[in-house]
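Going by the numbering used here, 41 is the number at position 61 of the sequence shown; the sequence numbering is gapless. The structure under discussion appears below in the form of structure tokens.
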Amino acid sequence: MARKVSALVLVADDDAAHRLMLATLLEEWGYRVREADDGLKALEFVRETPVDLLVMDMRMPRMDGIESTRLIHQHNPAIPIIVLTAYSSIPSAVEALKSGAFDYLTKPVDFDALKLVIERALEHTRLKEENSALRQQIARLHTPEIVGGGGAMKRLLEMIALVAPSDATVLITGESGTGKGLIARAIHANSPRSGKSLVEVNCAAIPETLIESELFGHEKGAFTGADRQRQGRFSQADGGTLFLDEIGELPLPLQAKLLRVLQDGEIQRVGSDASLSVDVRIVAATNRNPEQMVADGKFRQDLFYRLNVVTVEAPPLRARPEDIPALAQHFLKHFAKKNRRSVKGITPQAMDLLLKYSWPGNVRELENVMERSVILNQGDYVTVEELPLVIRKEVGGAGGECAGLEASGSEMTLEDVERQVILKSLRETAGNKSETARRLGITRRTLQLKLKKYGQADPNDS
Ligand SMILES: Nc1ncnc2c1ncn2[C@@H]1O[C@H](COP(=O)(O)OP(=O)(O)OP(=O)(O)O)[C@@H](O)[C@H]1O
Ligand SMILES: [Mg+2]
């Protein structure tokens, strides 16, 4: 048994020989065992001592199995009770189940079955405890910036609560504008490293030639222009968290170097042979599909495995429309305050459009739309008129989407129609660009160019 502290099992049976046999067996399996010779003694014992599991005979003097199961369960419903019963009295075993027993076995007891049912019961308790520990962690999770409480968001927060306390490397994936940066900050803020720095590096924003020195630092004179020694981001993040944003943009040679650093926990400044050890937790993010990049030979598989210890997926906004009202209100308030406007809310018609729109730019797009609406707004409420044309056109008058194409076709340019078809297809494929391109019979590159034209390309996707 690979249990750290073995579970404490109480065996309650009035038949001394049978009880001893069970106790010996359980000890052989690695459990700590105590014995009670009737139901009342079992109840008294459980009240005094934290027992992990009970194996109890059904028929005992003074207090039988059903009654003691009921009372023990009342005292502590978390203790699993396994009841042993003669074949002839299965109905009373069923009665015991109703009183809160975990399971029953018929006598003579099949040892393998007993072993299995005990393991299952203890595992059950462990999972329950883990679950409630997780719930407590979620309750303690401090994520003031993250708005939205729908199901997908709850699962995301659960994931953050689960991974934040550890040192595990986390890879955050998700489309552009879904909040990957926020998630990375929440992981750091809720980790034991929160007292130390969170250092962010956007791998897409640094020229290729400078990334190595940016990450690892350089010695004076390491290259032209290196007029003094410089600390890299890894060193700055020592003891804290390093957030490698847009990791998919990291050039292959640097992927190899990063992999080595992650394996060894040591860095070398550019121009130096000396190794410095660093204690850094890595959180990485990408809006690309990392598996696809590995398949295309653009991302090292070994680095992907290293980074992908835990994946956190930021769901696209169209997959969680339930969060749109709260997010829209949140941004409305924020921008009203910032621009000193007294906008009170959003009309139901405008909200309806916001709910139906596909949000290819995700939360960032919603944020921009709300800012613009606040600025354009003349009255107390944001109305349909203040929403961008793209939203009004895509959602359309009544039925919206492509169903409305013919109806509104006369007022639309060919480009509008094309745009609608592309966005609809994107929605149907949950944002999968390769699949969308395939369906529409265009190359991914063409799709990318068109999205860029609409201002909806991932800035780093090419
Ligand atoms: N759940 C949320 N609650 C409040 N604000 C959010 C939420 N999700 C995203 N945002 C806001 O939306 C904007 C985009 O988020 P963020 O920059 O984290 O996205 P991203 O996934 O990192 O995008 P990219 O891939 O383009 O870098 C930010 O201003 C962020 O504050
Ligand atoms: Mg980002």
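All C-beta atoms, glycine included, are put in the ideal place defined by N, C-alpha and C. Only a predicted model underlies this, so the values are computations on that prediction, with no experimental measurement involved.
Check	Outcome
Following the continuous beta strand (DSSP E) through Ser255, name the residue where it begins and the one where it ends.	Ser255 to Ser257
Mind checking who Arg14 pairs with in its DSSP beta bridge?	Leu(-10)
Which of the three DSSP states, helix, strand or coil, is assigned to Glu155?	coil
Tell me which residues share the same chain as Val250 and place their Cβ nearer than 8 Å to its Cβ, disregarding the 5 neighbours each side in the sequence.	Glu192, Ser193, Phe196, Gly197, His198, Glu199, Ala202, Phe203 and Ala206
With DSSP as the reference, label Glu180 as helix, strand or coil.	strand
Is any non-hydrogen atom of ligand 2 found closer than 7 Å to the C-beta of Asp225, if you look at the structure I gave you?	yes
Can you list the alpha helix (DSSP H) stretches of 4 or more residues lying completely in the stretch 45 to 106, in chain order?	45 to 55 and 70 to 78
Which first and last residues belong to the alpha helix (DSSP H) in which Met40 is found?	Met40 -> no alpha helix (DSSP H), and no H or E assigned at all.
Use the C-beta contact count for Pro60: other C-beta atoms within 10 angstroms, 16 or more gives buried, fewer gives exposed.	buried
Let me check understanding here. Comparing Cα to Cα, which of Ala144, Asp37 and Pro30 lies closest to Ala3?	Asp37
Which full runs of the alpha helix (DSSP H) of 4+ residues lie inside the stretch 110 to 171, going along the chain?	131 to 143 and 160 to 169
Suppose the cutoff is 7 Å on Cβ atoms and the five residues either side in sequence are ignored; what does the same chain contact list for Met139 look like?	Val292
Have a look at the DSSP bridge pairing and note the partners of Leu427.	Answer is none; Leu427 lacks a bridge partner.
What residues in its chain sit with their C-beta under 6 Å from that of Leu283, if we drop five residues either side in the sequence?	Gln235 and Leu239
What whole-angstrom Cβ distance do Leu77 and Ser48 have, given they're in contact under 8 Å?	So it is not a contact: roughly 14 Å between Cβ atoms.
Measuring CA to CA, which of Gly45, Lys95, Glu395 and Gly277 is closest to Gly80?	Gly45
For Ile304, does the count of other Cβ atoms within 10 angstroms reach 16, so buried, or fall short, so exposed?	buried
So Leu232 and Glu246 are supposed to be a Cβ contact under 8 Å. How far apart are they, rounded?	At roughly 21 Å, the Cβ-Cβ gap does not stay under 8 Å, so Leu232 and Glu246 are not in contact.
Compute the Euclidean distance between the alpha carbons of Glu109 and Gly10, then round it to the nearest angstrom.	22 Å
Would you check if the stretch -14 to -5 and the stretch 18 to 34 touch, i.e. whether three or more CB-CB distances between them fall below 8 Å?	yes
Can you list, in chain order, the residues of its chain with a C-beta nearer than 6 Å to that of Glu347? Leave out the 5 residues immediately preceding and following it.	Phe311
Just how far apart, CA to CA, sit Ala387 and Glu365?	Only weak support exists for where Ala387 lies, its pLDDT of 38 falling under 50; the value from the coordinates is given anyway. When rounded, the distance between both Cα atoms is 20 Å.
What is the DSSP secondary structure of Glu374, reduced to helix, strand or coil?	helix
Straight-line CA distance for Leu51 to Arg115?	28 Å
Buried or exposed for Ser338, please, with buried defined as at least 16 other CB atoms from any protein chain shown within 10 angstroms of its CB.	buried
Between which two residues does the alpha helix (DSSP H) holding Thr189 run?	Glu188 to Phe196
Give the straight-line distance between the Cα atoms of Leu137 and Leu297, rounded to the nearest whole angstrom.	16 Å
Threshold first: 4 residues or longer. Then list the alpha helix (DSSP H) segments lying entirely within the stretch 311 to 374, N to C.	328 to 336 and 342 to 356
Report all residues from its chain with a CB closer than 6 Å to the CB of Gly389; omit the five preceding and five following residues, and keep chain order.	Note on Gly389: pLDDT 42, under 50, position unreliable in the model; the coordinate value appears next. No residues qualify anywhere along the chain.
Using DSSP with H/G/I as helix, E/B as strand and the rest coil, what is Ala264?	strand
Among Pro57, Ile262, Leu403 and Gly161, which one has its Cα closest to the Cα of Ala101?	Pro57
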